[in-house]
Structures are given as C-alpha cells and as structure tokens.
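Trainee: Quick note, the sequence shown lines up with residues 32 to 453 if you use our numbering. Ideal Cβ positions, reconstructed from N, Cα and C, are used throughout, including at glycine.
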Amino acid sequence: MLRYNRLPVCSAPTWAPFQPVVLVGRLSRPVISSALKTSATRSPLEGKTEFRADWRFHFVALQAKLGPALSGNYVTADRAFAVQVFAGDTLYTPMSQQAGCFFLSLTDPSSPQYAQIWAETYKVTGVPYDSTNPFHQRALELKLGTPLSGVIRETINGQSFDVQVFAYDTLYRGSDGVIRRMSDLPRPAEVQAWQPKAPTPLVPPTPPVSPPVPEPPAGPVQPPTVNILNAPEVVRAGAPRRDPNWPPKPDFNILTDRNGQRERVLGNIEWVRKSGDDIIITNDWVERHLIEVTIPQMARFRNTNGGRIKFHRLAADQLRRLWQAWEDAGLLHLVLTFDGAWWPRTIRSNPTTLSNHAYGTAFDINAQWNGFYKPAALVGDRGSVRELVPIANALGFFWGGHWNYDGKGASDGMHFEWAVAR
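(1) Output the distance between the C-alpha atoms of Leu345 and Asn258, rounded to the nearest integer angstrom.
(2) Just the C-alpha distance for Ala130 and Ala92, rounded to the nearest angstrom, thanks.
(3) Between the alpha carbons of Asp443 and Val451, how many angstroms are there, rounded?
(4) Return the CA-CA distance between Arg295 and Asn284, expressed in angstroms with no decimal places.
(5) From which residue to which residue does the beta strand (DSSP E) around Thr287 run?
(6) Find the nearest neighbour of Gly189 within the set Cys132, Tyr404, Lys174, Gly205, judged by alpha-carbon distance.
(7) Between which two residues does the beta strand (DSSP E) carrying Phe447 extend?
(8) Could you give the distance in angstroms between the alpha-carbon of Gln115 and the alpha-carbon of Ala229?
(9) Can you tell which of Cys132, Leu202, Ala100, Gly157 has its C-alpha closest to the C-alpha of Met9?
(10) Using alpha carbons as the reference points, say which of Ile183, Gln226, Ala170 lies closest to Arg211.
(11) Consult DSSP for Val91 and reduce its assignment to one of helix, strand or coil.
(12) Mind checking Arg289: buried by the 16 CB within 10 Å criterion, or exposed?
(13) By the three-class DSSP mapping on this structure, what secondary structure does Phe332 have?
(14) In the DSSP output, what is Arg376 paired with across the bridge?
(15) Hey, how far is the Cα of Thr163 from the Cα of Pro178?
(16) In the DSSP assignment, what residue or residues form a beta bridge with Asp395?
(17) Can you pull the DSSP bridge partners for Gln115?
(18) For Pro382, does the count of other Cβ atoms within 10 angstroms reach 16, so buried, or fall short, so exposed?
(19) Thr177 by DSSP, collapsed to three states: which one?
(20) Report the CB separation of Gln195 from Ile183 in whole angstroms; it is logged as a contact under 8 angstroms.
(21) Evaluate the contact criterion for the region 401 to 412 versus the region 258 to 275: three or more CB pairs, one atom per stretch, below 8 angstroms.
(22) Whose C-alpha, out of Val420, Gly427, Met445, Ser380, is nearest the C-alpha of Ala95?
(23) Using DSSP with H/G/I as helix, E/B as strand and the rest coil, what is Ser206?
(24) So what does DSSP say about Arg453, is it helix, strand or coil?
(25) What number of angstroms, rounded off, separates the C-alpha of Phe133 from the C-alpha of Gly361?
(26) Could you check which residue in Thr138, Val366, Tyr199 has the C-alpha nearest to that of Ala15?
(27) Expressed to the nearest angstrom, what Euclidean distance is found between the alpha-carbon atoms of Asp308 and Thr186?
(28) Excluding the five sequence neighbours on either side, which residues of its own chain have a C-beta within less than 6 angstroms of the C-beta of Val456, listed in chain order?
(29) Where Pro278 and Gly432 are concerned, what is the direct C-alpha to C-alpha distance, given to the nearest angstrom?
(30) What does the alpha-carbon distance come out to for the pair Leu363 and Gly391?
(31) For Leu426 versus Ala347, is the C-beta spacing smaller than 9 angstroms?
(32) Using the three-state DSSP reduction, which class does Phe428 fall into: helix, strand or coil?
Next up, the structure:
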C-alpha cells in the first residue's frame, strides 16, 4: 500500500495502474472493483518510467509530494511538450524550454496548452478529455488530482450511480443529480470504533545527579569576547579540503512549516500568486517584519543599493555579524557575486510552499558556480563558497549545499538562510 496526501492507494507492480481504495459505504466495493479491472487491462503509456532523482520532473514531484507517476516521461505527438502525469498533478514543459517545469493545476485555463495537457493527462484513464464533464469540473474545484477512470455507470441495490475515480477521492452522482464525494460517506460502525493499539510506555532513564550550580558573582558581568574561529562548527570543520562532503553539516536544520514552526517565528504571510513562482503579499507582514539592513561588505555589488538590502528584523543582526566575520577571517574575496535576498515567491519545487526568500531570511551568492540542483563548487574551484560555510553555521545560517537532493551531491550551493538565533 502507498499513501497519497489524503487517501490510501493500491499499486500494481508497475507505475501505471494506481487506483484509490476507499472501502467505506455501500458504494465502494463495486466501483473500485470495476475501476481496478479497467486500469489493469489498459496498456501503460509510452515513455521513460524508471525513477531518476536527477530529472527535473521527478525531483519536483518528489518535493511537491505528487505521489507516484501514472505515465512515463514522454514527448507529445506534435513534439511541442515534454509531459509526465503524476497522481497529484501533471508536470510539463515546452520542448524549447527543456529545463523548465510547469504544473497543470497552476496553468491559466485560457492558455493554448491548457486543453492539450489535460488531453494528455486523461490518456491514463483511457477516455478522452471533456472540459464540459461536470465530474471533471467538480474535481477541479475540489483539487482532487489526476483522474484515474472515466465516468462509470454502476447499479447498486437497484439504484444507478455515475462514478468517477480521482487520485484524492471518488465522485459519485445518484438520481438527485448532485455530485458528491465518497469521502463524505459515513464510515461503517466498525471503522469508526477502531482505535490504534496503545504504545508501550518507555521508562525514562534516571538522570545523573548534576553538581550544584555556583551562585553568580555580584554586580554586572560583561560577556566574554568570542572569537568566531573558535566556534564548535569552525573547529569541527577543520582546514578546508577538496571533498564533496566538506564542510560537515551543522547540528541544526532549517525552519519549516511543520507544526506551524516557521510562522510562529517569522510571522504569518498571507499571499496570492502573481505569476510563475512570484507572489504578492496581501497583509501587513512586510511592514511588521522586514527592515533595511546596511551591510558595508556588500556595497561593491551593484544590485545591493550600496550595501542596503531588505531582511527579516529577527535575523538582521546575525546577517551583519556574518559578513563582518567573513571579512575578519579574510574570506570576502571568495564572494564573487551577490544574487539576491528578499524575494516574495514560492519554492521552485512546490508551488504551495513559501520560500525562505519570501520571509527575508535567505540570500544567494556565487550562483553562477553553484546552480540549483547542481553539485556545489569544490574548495579551490572558482566560485566555491564552502570555505564560508563553517562561520555561517556558527552564526546560525544553514547552507543549501547540505541539501543532497539526489544522493549524488545535487544541492543549492548558492543559498544561505537564517535558521537559529546565535
């Protein structure tokens, strides 16, 4: 069994035939049986079906949690687009822009490719695309993902139902003409009464007895001056070496949206999409959280307005100290280009998740030599930022080169983002 974002899914040995399995209510068993039979007898689509983490479609689908592929990666008959259908969405790009990746769900319905890509998507069902189909229109409204069947007529206990199966739910229509979601059907009593087995409680070990903490001396105490080169992250990294695994990862990670963590720390951004990855912030977040920070070490870059950039007020002081520490350590000559900081947009691999650039806590440098989804330049190579990383980690900044997307070093080596207060 695999699990999509909302419902369990049953898979066959190949990628093509996947169908939702929602064994609730009197409607489900005949419908799912029919849908599975239809899927199992359909020939898989042409195209490359093996998983490749270094392919843009596969990387984006993995990051966006689109579920398994329902088709291969193939080129349309008119040679206009590369396409791959996933459970949660269809990804495509014009053949003239082979490094691109567009989501069908975010495509303007008035654009010329909209109907063509939907027609490709419906090929996984074995039925033609019909934009006027009310089931299709309702599924778009509810964001139910890719269709897995056409509209099926089923007779259950003497009543006729029209049914269409989608990746995230199944829609049905009875004699009253209203299209409903199968997930809204009441669960059988035995399902509602089910409770997971209680976990076995763990007995915590007896903590060691700590020595008494001495009383602080009377009067104000000045904090000691800290040499950043003695910070644990810098000491642990040791001397720079030409190794794709150098420097080591820090003992902290980035802020994420899990359990609302990022919003609690950085504030709530309300937004609407502008175009592509870009967004428009619609509430007062910018006025409340963003400030102009002067970084003298950035003044040599034309795109910094004389060393003045916008950054989150919570991270501004650490940003100043970071660039000063790089200068003090004699490392500023390694920064060849400054490639941006605050930029209201979503992340490139997931159109529903805001980038930390949108929160004003990230900046990019030396992008030309440390491209997105490319191995970061090694120590000694032009454009390497690895020598800058231990100090950045010591001052609470995470390096995008530590994201190993494909297990072979593909990362985001240009990227630094604030993660912890230091």
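Mentor: Put simply:
(1) 23 angstroms
(2) 15 angstroms
(3) 19 angstroms
(4) 16 angstroms
(5) From DSSP, Thr287 is part of no beta strand (DSSP E); its letter is neither H nor E.
(6) Gly205
(7) 446 to 449
(8) 42 angstroms
(9) Because the chain is modelled from 32 through 453, residue 9 falls outside the range shown and cannot be assessed.
(10) Ala170
(11) helix
(12) exposed
(13) coil
(14) Asp309
(15) 15 angstroms
(16) His446
(17) Leu122
(18) buried
(19) coil
(20) 7 angstroms
(21) yes
(22) Ser380
(23) coil
(24) coil
(25) 42 angstroms
(26) With the chain covering 32 to 453 only, the question about residue 15 has no answer from this structure.
(27) 46 angstroms
(28) Because the chain in this structure spans residues 32 to 453, residue 456 falls outside the shown range and cannot be described.
(29) 10 angstroms
(30) 22 angstroms
(31) no
(32) strand
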